[in-house]
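Data block below; observations after.
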Amino acid sequence: MALIDISRVFALLLLLVVSSCAERTLLKGKGGGKDCAKGCTDHGNCNRDLGRCECQLGYTGPTCQDFSLGACRTSDQPDAHVRVGVATPKNCYCYEQWRDLLCRNVTNKVDRLNEEVCVSHITMVGWGDVHCFRKTGAPLAQQVSVVPNISDAAYEWGHGEWRPEPGSNRRFRAIAPMATPLSEVGTSPDDKRALVPLHECPDHCHYNGWCQGTPGTGKYFCRCYMGWSGATCEKAEDDSCLFGCGGRGECKSGWCHCDPGYWGVACARSTGHDQPDKAAQRVPTPTHRLRVYMYDLPPDVAHVVEHDDGSNGIFHIYHTFLTFLRMFLNDWAVRTENPWEANMFFLPVLAYYYTGNLGDASQQILRGVEYARTVFPFYDRYQGRDHFVVLTQDRGACYLDDAPLLRNVIKVTHFGLNQPNITWMKNVKDMKHGCHNPVRDVVFPPIQPDKDARQTHLTFLPYLRNETSHREPVRKVLFFFAGGIRENEPDYSGGVRQALHKILSQNDYPDVAFSDNVKSYGTYSDSLRKSRFCLAVYGHGWGIRLSQAIYHGCIPVIIQDGVYQAFEDLLPYRDFSVRVSKADLPRLIHILRAMPAEEEARLRRGLAAHHLAFVWQPDVGGLAYNYTLASLHKRLSNLRGGLY
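The sequence shown lines up with residues -22 to -1, 1 to 622 when you count with mature numbering (1 follows the signal peptide of the UniProt record, and there is no 0).
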C-alpha cells in the first residue's frame, strides 16, 4: 500500500501549493474602483475595475439603452431579448449586424470581405442556410425579428449567400433576394415544418419563442428560445445563466442582470481595483503561489449564446470548462479580484457556445485577447505567456491559428496531440507542435457523470482504507473495448481502432471482448468492471476511454502515439496504465497475457492511488481541479525559466 501513502502525501502537498492561505506578498492595487454612469445598473452591470457599464447582448451605451443588435430583437419592446440563430428566420439587418460583430480583423475593425476572420458561430459557418426578411422602407430603428406572414407585401425576403469579391479569390457573406418561396423551404434545411407567423400562436409565444405547425390546420405550437419553457414560452429558466447568477442577480436569457454592486460571470465580482503607481508596477510578481485574475469579458465579446435557436445544451462530456469555471469562482485561495497582484490570467472566452465541439475557436479567443489588451497592460507584459484559455472541443487547440496573439497563450484542453508536420488532419497550423506544446499547454481530464464519480469512490474505497481482507472482484475478460470503429475514417483514433478490429477479427480469443456496439456484452459499466485491461484510445479528437477505464478499476491500455495524457507532467502513468505503440498492435494480446499477476495487482493499486486526479466532483474527494491548478502553476515556472 506504499503507493497509496505516497499519493496522499502528494495530494496534501498539491493542496498546499495551489490553495495556500499564507500571507500575501503580491502587488496590490488601490481598492475601490471606478463608478459608472448614473442609471447604469437599471439595465446593466457596473464593472468597477473599468467604470464601464456592461450590457446584455444587443445593447450598448452608458446606461444600456442603445441598440447594437437592434434588428435581432424579438419584439419592439425596449427590453426585448436578441436572438441570432438560423432555426427560424430573423430580420436581414439582424444577420448583417451579427456578422459585423463576429467578423473583425486583428485591429478589431469590421472585415466583411475576409471570411476567415469570423467567429465560427452557426450563423457564420452556415451563412448559406440563412433565411431572413425585412420591412420594406422602414428605418433601421423599426426593424425587428418578429416573423410576419410570408405573403405580407410589406416585407421582402432574402437569404445568405457567399459572394465573390471582385478582382480577388476571396468571398464574403452577403444577403441576396430570395428566389424560392419560403413556404417551400421551411424554417431551415433541418426542419421542414412550415413557418407560421408569430401571431398565430397563443400569446405570441410571449415573444420568447417562434411559432410552427401546418398552415390552415390551426395546429400551431411554440418552440422556445434559450431561457424559456412552457406551452407559450412563459416560464423563465434560470439555468440558462451560468450558475444561476450566483444568487445575486436576475437571469435574462443567458445574461445575468446583477444586483447593484456585483458584475461579471455569475455576478461573482464585487470589488474594483485602481491601478497602482508606476514605481510599484515595476515590481515583479512572485511565483511561489498561484494567483489568478479572470477577465470580465462583456457579452458582446463572450456570452452564453445559443448555438442555434432554442439550443444551448452541452453534452455532458464537454462540460469540463463550466465545471472548472464554477470551482474557480469559489476558490478565493487562488482567485483574486485584483489584477495587479495576479501572476496568471484567465480568459473565459466561452468558445464552446460559439463553435460547438467541432469548430475553430481562433477568432473567439482573439476577440478575448484583443479586449484584454485594450483594458489592461498584462497581456503585453509577457506576450500572453501568462494567460490561459480552456477549450473542450474535440480537437482542442488543433485548429487554432499560429498568429502571434494566439501562439503564446496557454491552452487547457483534453487533447494532447504533439506531432510535427501533421498532414493527416486538415487545418493544423502549428507545424512544430501540432495541437499541444507540452511545456506551455495543459491536458486535463473530461468530467464524468456524478453517478460514475460516486461509483468509482466505492470501487477504490477498500484500497484507500487499507483493508487487507479486501478481494478484488473477479475479472474474467482479459481485454475489452466497445465503441465506434469507423473503418472508412483512417484518422479516427489514429487508425488504432481499425487496425485492432482487423487483427482481432482474424483470431478467436475467448477472453477478449471487442465490438462496435457498446451494448454487445451487457451494460457498458458492467463490462468495464468485469475486464482486466481496457482500451484507451482517442476518437475524432480526445476520448473518454481513459477516464472510464480508471473509474471502473480496469487498467487502461493507452494506444495513442504522440498524445500527452491528462496531467502527464504530474502523474506516474507507469504505475497505473499500460502504454503500447501502434506498431506493437499485433503483439498486444501476447503482451497482456505475459504480464505477471503481481504486476497487474501493482497497476490496480496504482489506479486506487491516483484515480482522484481524474475525478472532478469534490464531494467524493475529486482532485482534478487541484491538479489543473498545479499544472498551470508549473507553466508559470516554465515561463519564468524561459522554456516557452
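Just so you know, even glycine gets a beta-carbon here, dropped at the ideal spot from N, CA and C.
Query, Result
"Can you list, in chain order, the residues of its chain whose CB lies under 8 Å from that of L268, leaving out five sequence neighbours each side?", "V(-6), V(-5), V312, N321, M322, L607, L610, H611 and L614"
"Measuring CB to CB, does V174 end up less than 7 Å from G196?", "no"
"In whole angstroms, what is the alpha-carbon distance linking F457 and N316?", "52 Å"
"My output table needs one value for A119: the three-state DSSP class, helix, strand or coil.", "helix"
"Measure the Cβ-Cβ separation of P534 and A514 and say whether it is below 7 Å.", "yes"
"Please name the residue, chosen from V125, G106 and Q121, that lies closest to P67 on a Cα-to-Cα basis.", "V125"
"Can you find the residues in the same chain that come closer than 8 Å, C-beta to C-beta, to V64, ignoring five residues on each side of it along the sequence?", "I100, T101, G104, D107, V108, H109, S166, D286 and D287"
"When you compare the segment 199 to 216 with the segment 179 to 189, are there three or more beta-carbon pairs, one atom per stretch, that lie closer than 8 Å?", "yes"
"Using DSSP bridges, identify the partner residues of S207.", "K213"
"Hey, is the segment 379 to 387 in contact with the segment 353 to 369, meaning 3+ C-beta pairs nearer than 8 Å?", "yes"
"Would you call the CB atoms of V598 and S509 closer than 7 Å?", "no"
"Threshold first: 4 residues or longer. Then list the alpha helix (DSSP H) segments lying entirely within the segment 340 to 377, N to C.", "340 to 353 and 356 to 359"
"Please say whether Q397 and G374 have beta carbons closer to each other than 7 Å?", "no"
"For the alpha helix (DSSP H) that contains M102, what are its first and last residues?", "I100 to V103"
"Apply the 10 Å Cβ neighbour rule to V347 and answer buried if 16 or more other Cβ atoms are within range, or exposed otherwise.", "buried"
"Output yes or no for whether 7 Å exceeds the beta carbon distance between L80 and V97.", "yes"
"With 16 as the cutoff for other CB atoms within 10 Å, does D504 come out buried or exposed?", "exposed"
"Pick out whichever of Y330, T301, G250 and H266 has its Cα sitting closest to the Cα of A280.", "Y330"
"Unbroken alpha helix (DSSP H) runs of length 4 or more, entirely within the segment 278 to 309: which are they?", "298 to 307"
"Starting from the C-beta of V490, find all residues in its chain whose C-beta is less than 7 Å away, skip the five residues before and the five after it, and write them out in chain order.", "L456, F457, L482 and I567"
"Distance, Cα to Cα, K6 vs D255?", "Bear in mind that the predicted position of K6 carries a pLDDT of just 42, short of 50, making it too unreliable to give a figure here."
"Tell me whether the beta-carbon of V353 lies closer than 7 Å to the beta-carbon of F299.", "no"
"Assign S340 to one of two classes, buried (16 or more other C-beta atoms within 10 Å of its C-beta) or exposed (fewer than that).", "buried"
"From which residue to which residue does the alpha helix (DSSP H) around A431 run?", "D428 to L442"
"Could you pull out every unbroken beta strand (DSSP E) segment of at least 3 residues lying fully inside the segment 455 to 484, listed in chain order?", "455 to 460"
"Per DSSP, T391 forms a beta bridge with which residues?", "V421"
"Throw me the rounded Cβ distance for the W233 and C245 pair, which I believe falls under 8 Å.", "With 8 Å as the limit, W233 and C245 do not qualify as a contact, their Cβ atoms being about 11 Å apart."
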